[in-house]
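Here the sequence shown stands for residues 1175 to 1269, where the numbers follow the numbering used here. The beta carbon of each residue, even a glycine, is placed where N, CA and C say it ideally should be. Worksheet for the structure shown next.
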Amino acid sequence: MPDNTSTFATNLHFSPEICAKLKTLGLTIDPSASITGDLLYHSPAFFISGCQLHFVKIDAYSLTGHNSCFRSTSIGRYCSIAHKVEIGLFSPDLV
1175 MPDNTSTFAT NLHFSPEICA KLKTLGLTID PSASITGDLL YHSPAFFISG
1225 CQLHFVKIDA YSLTGHNSCF RSTSIGRYCS IAHKVEIGLF SPDLV
């Protein structure tokens, strides 16, 4: 079976046309989402509107809710994350 792993990097916003092409590669991402740093995914993966992604790894069949923010995070397989969730925003030594 082929490895459907892909990586993108640095400060990206996608046009609807690019989003349509990415969907053929197993990445469904809304044009309002933003990526800063690396994004590693196993397809299929789904990012709904307004997501902010900063150095994120997401495994296959996982999806994120609207207006969620993820920093330096690994999301497992078959995860469904609610709307307006913030993960990894603070370092333990800052709290």
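Buried versus exposed call for residue i [16 or more other C-beta atoms within 10 Å across all chains shown]
i, result
"F1264", "exposed"
"C1253", "exposed"
"S1217", "buried"
Coarse secondary structure for residue i, derived from DSSP in three states
i, result
"A1207", "coil"
"I1255", "coil"
"C1225", "coil"
"A1194", "helix"
CB contact flag (residue i, residue j, <8 Å)
i, j, result
"S1208", "L1186", "yes"
"G1250", "S1236", "yes"
"T1238", "F1220", "yes"
"N1241", "H1257", "yes"
Exercise. If you pair each beta-carbon of the stretch 1228-1243 with each one of the stretch 1208-1219, do three or more pairs fall below 8 Å?
Worked result: yes
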